[in-house]
Amino acid sequence: AVAINPNDDNHVIAGYSNGFSLTTTGATGFSNVMPAGWNTGNGDPTVNDIMFVTSAVALAVTGSDNFNYATSGNIWRTDDGGTTWTKVSPSGFNCGNTLAMGTDGTNRVIYCGTGMSGNSDGMIYKSTDDGLTWTMVNYGPTSMNGSVNHLPVYDLAVDPRGTDVVYIASGSNLDYALAKSTDGCVTMSNINASGEGAFTSVCINQSYPD
1 AVAINPNDDN HVIAGYSNGF SLTTTGATGF SNVMPAGWNT GNGDPTVNDI
51 MFVTSAVALA VTGSDNFNYA TSGNIWRTDD GGTTWTKVSP SGFNCGNTLA
101 MGTDGTNRVI YCGTGMSGNS DGMIYKSTDD GLTWTMVNYG PTSMNGSVNH
151 LPVYDLAVDP RGTDVVYIAS GSNLDYALAK STDGCVTMSN INASGEGAFT
201 SVCINQSYPD
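Count the sequence shown with the working numbering and you get residues 1 to 210, in order.
What follows is the structure, given as structure tokens:
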């Protein structure tokens with residue numbers, strides 16, 4: 001995973017199995033950052049997503065789609081641009097896959113999707129304080145072509161016109177669901193979109209979000 005500070009394209013954070021690689025001076029300035037507590041207890045085998053909230057605050061989620069790491073994963077937060085990180089995972093968190101943020105111009109809402117194919121129920125968490133605390137708001141969608149409930153959530157996208165309209169890409173093996181919520185993931189409904197296996201990514205055109 002990699003993220004670029006939207007206000008400074010020389011400020012980049014990349015994630016890997018031993019933490020993060022950080023630069024504030026462009027491509028030649030990367031240095032490694034190993035957070036305190038990394039890969040201990042509920043481990044951090046893979047950084048799956050990184051997102052800048054502000055120029056100083058960034059979030060990252062870790063987890064794995066390997067059955068050997070079915071209970072691994074955390075949410076990590078930095079408030080100094082990536083130099084130091086703190087684990088902010090809620091109780092029961094595992095297999096973090098994706099982060100997404102919406103704003104109404106005043107408030108920011110951040111969503112996190114979790115789950116692993118065949119082995120871990122998908123969950124959607126929500127934060128209204130820039131990632132300091134998290135609340136589980138719903139499980140992943142139900143499969144459109146089978147009976148699988150709580151599919152892993154692999155990607156989320158928030159309509160840029162607010163904080164509550166969210167698209168959810170999910171699936172497990174050959175089961176799939178592309179879902180939409182209009183109330184901040186408290187409820188969701190499947191969209192009539194068919195596929196061959198899981199939906200793993202979703203993107204909204206920021207200029208034409210419909």
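By construction, the Cβ of each residue, glycine as well, lies at the ideal position given by its N, Cα and C atoms. Keep in mind it's a predicted model, so treat the numbers as computed, not measured.
query	result
Burial state of S189, where buried means 16 or more other Cβ atoms lie within 10 Å	exposed
Straight-line Cα distance separating L132 from G162	21 angstroms
Candidates W76, S181 and D9: closest to L99 by CA position	W76
Contact check, A70 vs M116, beta carbons under 8 angstroms	yes
Beta-bridge pairing of L156 - partner residues as DSSP gives them	I168
Burial state of D183, where buried means 16 or more other Cβ atoms lie within 10 Å	exposed
Anticipated Cβ contact below 8 angstroms, A198 with Y139, distance rounded	Not a contact, Cβ separation roughly 16 angstroms.
Under the three-state DSSP convention, the category F30 falls into	coil
For G68, the nearest candidate out of D8, N10, I204 and P45 (CA to CA)	First, the residue type needs correcting, since residue 68 is Asn and not Gly in the sequence shown. Taking only the C-alpha atoms, the option nearest N68 is P45.
Same chain, Cβ closer than 8 angstroms to V148, neighbours up to 5 away in sequence not counted	T142, S172 and D175
Distance CB(N74)-CB(G96) smaller than 8 angstroms	yes
CA-to-CA distance, Y208 to N145, given in whole angstroms	30 angstroms
CB of S120 within 8 angstroms of CB of P152, strictly	yes
Option nearest A157 by Cα separation, candidates S181, P90 and V2	S181
Where the beta strand (DSSP E) containing M101 begins and where it ends	G96 to T103
Straight-line Cα distance separating Y167 from T200	12 angstroms
Cβ neighbours of D8 in the same chain (closer than 7 angstroms, five flanking residues each side left out)	S55
CB contact flag (G105, T24, <8 angstroms)	no
Cβ-based burial, A3 [other Cβ within 10 Å; buried from 16]	buried
Reduced DSSP secondary structure (H/G/I, E/B, other) of N145	coil
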